[in-house]
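K.L.:
Chains as they are written, first to last, in the working numbering: chain A, 71 to 329; chain B, 721 to 830.
1) Report the residues of the segment 88-107 of chain A with a CB closer than 9 angstroms to any CB of chain B, ordered along the chain.
2) Could you tell me which of A:248, A:185 and A:174 sits nearest to residue 318 (chain A), measuring between CA atoms?
3) Under the three-state reduction of DSSP, which class applies to residue 34 (chain A): helix, strand or coil?
4) Could you say which of B:732, B:762 and B:725 lies nearest to residue 814 (chain B) if we only look at CA atoms?
5) Quick check on residue 756 (chain B): buried or exposed, where buried means 16 or more other Cβ atoms within 10 Å of its Cβ?
6) What does residue 129 (chain A) touch in chain B if you count any residue whose Cβ is under 8 angstroms from its own?
7) Can you look up residue 190 (chain A) in the DSSP assignment and give me helix, strand or coil?
8) Nearest to residue 212 (chain A) by alpha carbon, out of A:141, A:152, A:263 and A:282?
9) Count the CB pairs spanning the segment 298-309 of chain A and the segment 267-287 of chain A that are closer than 8 angstroms, and state whether there are at least three.
10) Among B:766, B:747, B:805 and B:722, which one has its Cα closest to the Cα of residue 820 (chain B)?
11) Find the nearest neighbour of residue 738 (chain B) within the set A:108, A:306, A:139 and A:272, judged by alpha-carbon distance.
12) State the Cα-Cα distance for the pair residue 154 (chain A) and residue 129 (chain A), rounded to the nearest angstrom.
13) Take the Cβ of residue 150 (chain A) as the centre, count every other Cβ of all protein chains shown within 10 Å, and call the residue buried at 16 or more, exposed below.
14) Smallest Cα separation from residue 263 (chain A): which of A:250, A:116 and A:284?
15) In chain order, what are the residue ranges of uninterrupted alpha helix (DSSP H) at least 4 long that sit wholly in the segment 120-192 of chain A?
16) Within 8 angstroms of any Cβ in chain B, is that where the Cβ of residue 112 (chain A) sits?
17) Please work out which residues of its chain come closer than 6 angstroms, Cβ to Cβ, to residue 311 (chain A), disregarding the five sequence neighbours upstream and downstream, and give them in chain order.
18) Give a yes or no on whether the C-beta atoms belonging to residue 854 (chain B) and residue 808 (chain B) are separated by under 8 angstroms.
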């Protein structure tokens, strides 16, 4: 470019300041300055403001459309997921409640079936039998009296010996058999051999239970006539700790209501 | 010498001032810059061939920029702005490559 400028470049700075500097030189310089300026400005604005600032109107409309469709899709997805979450939450609440209820029922049934320990107010009845006259009948009568009086959990103990722990949880299927032998009187309760003195621990209303045992002609009288003694003690807090293993029924199956 | 200094001054001014491009000019500035680049490459080639003319350069520079901007503006009005600016950039790009090839032949004799 220096060739056509001829003499003015030869004189360097001095030449620039001279009046020989023609307007067209200034115009060229101005244009090139504008080019540099414009280039820098454009590059900077592209870098600063990203793609959107330099995008054309129709492109922007297209992008906006895309974004709106996308946000609509995402909103629909949010709604679906929220509904799912709600369903799962209420579902798990319901199953938690059902589980709690089932546990409660199994505890209650366990008390009746003798598979869980029970505690509460009740009476202890101690029967002595020095003459060997207190038979399984008498014990069965005593048990029936207690049941009639509303007892809810019963255990029957005799002194522990080498063969038995001497304690049996009394449930619906409990059987009582006379089992006297050479060593003395005794009974067989669900396969466990007990010897006197026998001791019932029955949970229920202590006053009712005690009254039921003490009626004329009742257990206390019968034992007295058989030469033994029956001592009834009320207590506010007793514990029926003996457990009975739960046998799975072989034939009977639960039948749902209406099933 | 003076044009080179002016170019540097313009770049420095752009860096220092950090102006923002008005929204109305945003579609035209890049096209104008490319058109001006085409004029500058043509001028360099002309000077190497010994046929450089100040006036021709000034007129071609200004008309290049104006025509490019006008084409893009018309394209915008007709709804084909995007395609037309692409076309302008392609044409100017081809010219720049042609001029650059001529410059290369003069400088490297190859």
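Just so you know, even glycine gets a beta-carbon here, dropped at the ideal spot from N, CA and C.
Since this is a predicted model, take the numbers as computed values, not measurements.
P.N.:
From the atom records:
1) 91, 92, 94, 95, 96, 97, 98, 99, 100, 101, 102, 103, 104, 105, 106 and 107
2) A:185
3) In this structure chain A extends from 71 to 329, so residue 34 (chain A) is not present and cannot be described.
4) B:762
5) buried
6) 802
7) strand
8) A:282
9) yes
10) B:766
11) A:108
12) 37 angstroms
13) exposed
14) A:250
15) 127-183
16) yes
17) 187
18) Residue 854 (chain B) cannot be examined here, being either before or after the span of chain B that is shown, 721 to 830.
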